[in-house]
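Asker: Respectively, the protein sequence lines represent chains A and B.
Heads up, the final residue of the first sequence is numbered 106 in this note's numbering, and it's a clean run with no missing numbers.
Heads up, the final residue of the second sequence is numbered 476 in this note's numbering, and it's a clean run with no missing numbers.
I'd like to ask you about the structure that follows.
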Amino acid sequence: MPTPSITLEHYLILGAVLFGIGLFGVLTKKNAIAVLISIELMLCAVNINLLAFNKYITPEAFIGQIFAIFVITVAAAEVGVGLAIIIAIYRNRLNINLEDFDWLKW
Amino acid sequence: MQMDFSVIIPEIAMVSLGVLVLILGLILPKKSLPRLGWFTSFSLIGILALVVLNWNNVGTVSGGLYLIDQFSQFFKVIFLTAAILVVFGSMAYVDKHLGGQAEYYSILVFSTLGMMVMASANDFITMYLGLELMTISFIVLVCFRRNDSESLEAGMKYVLLAGISSAVLLYGLSLIYGIAGTVLVVEVGMILAVQQSLPLLLVGVVMLVAGLGFKIAAVPFHMWAPDVYQGAPTPITSFLAVGSKMASFAILIRIFVLGMFGVSLSWGILMAILAGVTIIIGNLVAIPQTNIKRLMAYSGIAQAGYILVGMVTASQAGVKAIMFYGFIYIFAVVGVFTAISYYYNLTGSDEIKDYAGLSQRSPLMAATMVVSMLTMAGIPPFAGFVGKFYLFMTVVENYLWLAIIGLIMSMVSVYYYLMVVLVMYRDRPQDSSPIVVSLPVRMTLIFTMLVSVVLGVYPGPLSEIINKAALSFFMH
């Protein structure tokens with residue numbers, strides 16, 4: 001009996017599920033840091049996609065891996081800025097609950 | 001492999017300028033910091049001259065990853081012009097309200113560099129890097145008033161929504177990469193042209209449209225725009241409205257018109273619906289606004305809808321119309337926002353009712369706002385009319401309903417623009433002392449007004465240049 005192997009579809013489904021969880025978190029979480037974490041989950045899903053495609057579609061080139069490294073780097077920068085803003089806004093209002101950020105509203 | 005670095009001299013100069021401004025901020029005495037604005041603006045003029053002088057010096061760098069053609073040169077001219085006008089218009093504001101001149105101008109230069117990278121990027125990785133360089137710089141600039149709660153709230157909203165939109169965009173890009181097996185836009189175009197439509201491709205396209213829709217603030221991905229526009233420092237709002245939007249259009253055109261022309265039937269109708277909804281919602285919600293920055297935000301959403309009209313047909317005429325309208329749009333927006341930020345400097349208010357009697361206090365500011373707003377509304381003889389004419393002409397044949405929506409909603413937009421004009425010219429000012437407009441601001445105002453008028457009366461030469469640039473875009 002041949003051992004069942006992991007195919008591209010498995011990775012893509014994992015990526016899609018992870019992306020869905022991240023999107024759900026982004027839309028439902030009230031805490032700014034939790035939203036940032038959820039965005040990171042979505043980016044992880046992207047990285048899984050990129051690496052899986054790299055392995056199964058273009059195994060001779062490293063496009064997907066390079067792309068994933070850039071995604072990780074840039075995401076770190078973005079989270080750095082995001083956390084800085086969260087700290088600044090916490091100093092200002094002693095609160096990081098997104099529902100209270102309603103000073104700008106039409 | 002020998003690389004020709006001469007084609008990316010403007011980019012190299014931008015990096016050097018950004019770092020140099022930062023260093024100068026450290027070593028200069030504190031009282032001469034306000035001069036950094038003049039230094040930055042004149043350096044940017046020099047870089048703009050470099051781009052214009054190297055107009056025909058086209059080529060690729062890094063094996064086709066980075067592409068310099070007349071299309072990207074033209075967009076670089078747009079971004080640099082916008083940056084120069086914004087720096088000129090923001091000097092008084094920065095000195096009075098922000099401080100940290102060195103960081104401000106340096107980050108502004110880096111965000112402009114991000115836009116230039118986006119205009120030239122020919123593969124998904126470079127595009128993404130340019131996009132994030134621009135976005136992260138903008139996030140910092142939006143919350144530059146770090147003791148002001150509104151500015152911080154705007155920055156918070158922007159960083160979270162920019163993160164979400166980047167993730168969605170990246171997911172779409174990863175799917176396209178998986179289908180095509182390459183990230184080079186031109187190769188993606190060739191592969192997708194011969195492939196039959198896959199459901200996965202459709203998901204990828206929708207993700208891309210959603211991710212880029214956030215950046216250009218198209219309905220239904222526009223909710224961040226009014227809040228961020230209102231909370232950000234006013235000069236940054238104007239740069240966000242023109243630079244970020246036009247740079248996102250540059251990669252939107254690159255990805256869709258060049259990379260996906262083979263499946264243009266499936267996304268053409270999507271773009272058409274998006275453009276129609278954006279035009280309608282943007283214009284209708286602008287009507288009840290009382291804050292001038294929010295009004296301009298919704299008008300900016302509507303403008304994004306007009307520009308999207310040029311995407312629908314994926315043709316050379318459409319690309320040309322987008323470039324032409326984008327060029328006009330920067331002058332109109334920067335003109336209005338320069339006046340707004342200068343007025344805020346004096347009065348500390350962004351409410352429309354406080355603009356009462358501006359025509360008596362400063363005829364120049366009032367006149368600039370009128371001309372710029374009429375340009376955006378598309379009233380002849382101002383330049384916006386020509387731009388809108390080009391845009392709507394591209395869809396008259398296949399999507400007549402879209403052109404009709406555009407025309408009707410342009411009429412609607414005249415209403416809320418003229419409401420502001422009415423307040424400025426009819427109502428009596430509470431404080432009727434005349435406003436003295438400082439030199440850089442006066443230069444910016446007169447220049448933007450002149451361009452709006454001259455291009456409206458005599459659009460021929462610019463139109464010729466853009467025709468050639470749009471043609472070069474399809475030559476790869």
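For each residue, glycine too, the CB sits at the ideal point set by N, CA and C.
What does Arg-146 of chain B touch in chain A if you count any residue whose Cβ is under 8 Å from its own?
Answerer: Taking the second sequence and counting its residues from 1, the one referred to as residue 146 of chain B is at position 146. The answer, in chain order, is Ala-88.
Asker: Could you tell me the boundaries of the beta strand (DSSP E) in which Gln-61 of chain B lies?
Answerer: As a first step, residue 61 of chain B is located in the second sequence; it is residue number 61 there, counting from the start. A quick correction: the sequence has Val, not Gln, at residue 61 of chain B. Element bounds for Val-61 of chain B: 59-61.
Asker: With a threshold of 7 Å on Cβ separation, who are the neighbours of Phe-74 of chain B within its own chain once the five nearest residues in sequence on each side are excluded?
Answerer: Taking the second sequence and counting its residues from 1, the one referred to as residue 74 of chain B is at position 74. Result list for Phe-74 of chain B: Met-323, Ile-466, Ala-469, in chain order.
Asker: Within the continuous alpha helix (DSSP H) that includes Tyr-93 of chain B, where are the two ends?
Answerer: Taking the second sequence and counting its residues from 1, the one referred to as residue 93 of chain B is at position 93. That run of the alpha helix (DSSP H) goes 70-93.
Asker: Quick one: any contact between the stretch 34-43 of chain A and the stretch 151-158 of chain B, if contact means 3 or more CB pairs under 8 Å?
Answerer: Output reads no: the stretch 151-158 of chain B does not touch the stretch 34-43 of chain A.
Asker: By the criterion of Cβ-Cβ separation under 7 Å, what are the contact partners of Met-134 of chain B in chain A?
Answerer: The residue given as residue 134 of chain B occupies position 134 in the second sequence. The premise fails here: Met-134 of chain B is roughly 12 Å from chain A at the closest Cβ pair, so nothing lies under 7 Å.
Asker: In terms of DSSP beta bridges, what is Tyr-66 of chain B paired with?
Answerer: Translated into positions along the second sequence, residue 66 of chain B becomes position 66. Its beta-bridge partners are B:Val-61, B:Ala-121.
Asker: Please report the residue range of the alpha helix (DSSP H) in which Ser-41 of chain B lies.
Answerer: For the purposes of this step, residue 41 of chain B is identified with residue 41 of the second sequence, where counting begins at 1. Unbroken alpha helix (DSSP H) run through Ser-41 of chain B: 35-53.
Asker: Looking only at its own chain, which residues have a Cβ that is under 6 Å from the Cβ of Ala-286 of chain B, when we skip the five neighbours before and after it?
Answerer: Numbered from its first residue, the second sequence carries residue 286 of chain B at position 286. Answer for Ala-286 of chain B: Leu-295, Tyr-298, Ser-299, Tyr-416, listed in chain order.
Asker: Determine, using beta carbons only, whether Met-156 of chain B comes closer than 8 Å to chain A.
Answerer: Within the second sequence, the letter at position 156 stands for residue 156 of chain B. Taking Cβ atoms only, chain A reaches closer than 8 Å to Met-156 of chain B, which makes this a yes.
Asker: Could you name the residues that DSSP lists as bridge partners for Glu-351 of chain B?
Answerer: Along the second sequence, one-based indexing puts residue 351 of chain B at 351. Answer by DSSP bridge pairing, in chain order: B:Asn-291.
Asker: Tell me the residue span of the alpha helix (DSSP H) that contains Lys-55 of chain A.
Answerer: Here residue 55 of chain A refers to the residue found at position 55 when the first sequence is read from its first residue. Start and end: 32-56.
Asker: Which of the three DSSP states is assigned to Ala-247 of chain B in this structure?
Answerer: As a working mapping, residue 247 of chain B is identified with position 247 in the second sequence. Ala-247 of chain B: helix per DSSP, three-state reduction.
Asker: Hey, Gln-65 of chain A and Asn-54 of chain A are a contact pair by Cβ (cut 8 Å); roughly how many whole angstroms apart?
Answerer: Residue mapping note: residue 65 of chain A aligns to position 65 of the first sequence, counting from 1. Residue mapping note: residue 54 of chain A aligns to position 54 of the first sequence, counting from 1. Contact flag correct, Cβ pair sits at about 5 Å.
Asker: Taking only beta carbons into account, state which residues of the stretch 103-115 of chain B come closer than 8 Å to chain A, listed in chain order.
Answerer: For the stretch 103-115 of chain B, which is checked against every Cβ of chain A, not one residue is closer than 8 Å.
Asker: Is the stretch 64-71 of chain B in contact with the stretch 107-122 of chain B, if contact means three or more CB pairs nearer than 8 Å?
Answerer: Short answer: they touch.
Asker: Answer with yes or no whether the minimum CB distance from Ala-241 of chain B to chain A is below 8 Å.
Answerer: Within the second sequence, residue 241 of chain B is the residue found at index 241, counting from 1. It does not; no Cβ of chain A falls within 8 Å.
Asker: For Glu-78 of chain A, return the contacting residues in chain B, with the cut-off set at a CB-CB distance below 9 Å.
Answerer: Along the first sequence, one-based indexing puts residue 78 of chain A at 78. Within chain B, the residues near Glu-78 of chain A are Glu-132, Thr-135, Ile-136, Ile-139, Val-159, Ala-162, Gly-163, Ser-166.
Asker: Would you check if the distance between the CB atom of Val-334 of chain B and the CB atom of Leu-258 of chain B is smaller than 8 Å?
Answerer: For the purposes of this step, residue 334 of chain B is identified with residue 334 of the second sequence, where counting begins at 1. For the purposes of this step, residue 258 of chain B is identified with residue 258 of the second sequence, where counting begins at 1. No, the Cβ-Cβ distance between Val-334 of chain B and Leu-258 of chain B is not below 8 Å.
Asker: Report the rounded CA-to-CA distance for Ser-244 of chain B versus Pro-4 of chain A, giving the unit in angstroms.
Answerer: The residue you call residue 244 of chain B lines up with position 244 of the second sequence. The residue you call residue 4 of chain A lines up with position 4 of the first sequence. Between Ser-244 of chain B and Pro-4 of chain A, the C-alpha separation is close to 48 Å.
Asker: From this set, B:Tyr-344, B:Ala-247, B:Ser-72, B:Ser-32, which residue's C-alpha is nearest Leu-471 of chain B's C-alpha?
Answerer: For the purposes of this step, residue 471 of chain B is identified with residue 471 of the second sequence, where counting begins at 1. The candidate whose alpha carbon is nearest that of Leu-471 of chain B is B:Ser-72.
Asker: May I ask you to list, following chain order, the residues of the stretch 385-417 of chain B that have a beta carbon less than 8 Å from some beta carbon of chain A?
Answerer: Of all residues in the stretch 385-417 of chain B, none has a Cβ within less than 8 Å of some Cβ in chain A.
Asker: What are the residues in the stretch 179-205 of chain B lying within 8 Å of chain A by C-beta distance?
Answerer: Hits within the stretch, in order: Gly-181, Thr-182, Val-183.
Asker: Grouping DSSP H, G and I as helix and E and B as strand, with all else coil, what is Leu-184 of chain B?
Answerer: As a working note, residue 184 of chain B is residue 184 in the second sequence. Leu-184 of chain B falls in the strand class under three-state DSSP.
Asker: Quick one: using the 10 Å Cβ neighbour count with 16 as the cut-off for buried, is Leu-450 of chain B buried or exposed?
Answerer: One-based indexing of the second sequence puts residue 450 of chain B at position 450. Answer is exposed; the Cβ neighbour count stays below 16.
Asker: According to DSSP, is Asn-95 of chain A helix, strand or coil?
Answerer: Residue numbering aside, residue 95 of chain A sits at position 95 when the first sequence is read from its first letter. The answer is coil: DSSP assigns Asn-95 of chain A none of H, G, I, E or B.
Asker: In whole angstroms, what is the alpha-carbon distance linking Gln-230 of chain B and Asp-95 of chain B?
Answerer: On the second sequence, position 230 is the one that residue 230 of chain B refers to. On the second sequence, position 95 is the one that residue 95 of chain B refers to. Their Cα atoms are separated by approximately 20 Å.
Asker: If the cut is a Cβ gap below 9 Å, which residues of chain B does Phe-67 of chain A touch?
Answerer: The residue given as residue 67 of chain A occupies position 67 in the first sequence. Here the neighbours are Phe-124, Ile-125, Tyr-128, Leu-170, Leu-173, Ser-174, Tyr-177, Val-183.
Asker: Quick one: does Leu-152 of chain B have its CB under 8 Å from some CB of chain A?
Answerer: Position 152 of the second sequence, counted from the first residue, corresponds to residue 152 of chain B. It does: the Cβ of Leu-152 of chain B has a partner Cβ on chain A nearer than 8 Å.
Asker: Ignore the nearest five residues each way along the sequence and tell me which others in Leu-484 of chain B's own chain have a CB closer than 6 Å to its CB.
Answerer: Absent from the structure is residue 484 of chain B, since the part of chain B shown begins at 1 and ends at 476.
Asker: Touch check for the stretch 193-209 of chain B and the stretch 233-247 of chain B: three-plus C-beta pairs under 8 Å?
Answerer: Flag = no, the stretch 193-209 of chain B and the stretch 233-247 of chain B do not touch.
Asker: Measuring only between beta-carbons, confirm whether Trp-106 of chain A sits less than 8 Å from chain B.
Answerer: Residue numbering aside, residue 106 of chain A sits at position 106 when the first sequence is read from its first letter. Because Trp-106 of chain A sits at a pLDDT of 46, beneath the cut-off of 50, its placement in the model cannot be relied upon, and the following sentence gives the value as read from the coordinates. With 8 Å as the cut-off, Trp-106 of chain A counts as an interface residue toward chain B.
Asker: Tell me whether the beta-carbon of Pro-380 of chain B lies closer than 8 Å to the beta-carbon of Gly-456 of chain B.
Answerer: The residue you call residue 380 of chain B lines up with position 380 of the second sequence. The residue you call residue 456 of chain B lines up with position 456 of the second sequence. A contact, by the Cβ cut-off of 8 Å.
Asker: Any Cβ of chain B within less than 8 Å of the Cβ of Lys-50 of chain A?
Answerer: Along the first sequence, one-based indexing puts residue 50 of chain A at 50. Here the sequence assigns Leu to residue 50 of chain A, which means Lys is not the residue at that position. So, interface residue.
Asker: Does the beta-carbon of Leu-374 of chain B have 16 or more other beta-carbons within 10 angstroms, so that it is buried, or is it exposed?
Answerer: The count along the second sequence starts at 1 and reaches residue 374 of chain B at position 374. It counts as buried.
Asker: Could you give the distance in angstroms between the alpha-carbon of Leu-208 of chain B and the alpha-carbon of Leu-48 of chain B?
Answerer: Locating residue 208 of chain B in the second sequence gives position 208, counting from the first residue. Locating residue 48 of chain B in the second sequence gives position 48, counting from the first residue. Spanning the two alpha carbons is a distance of roughly 31 Å.
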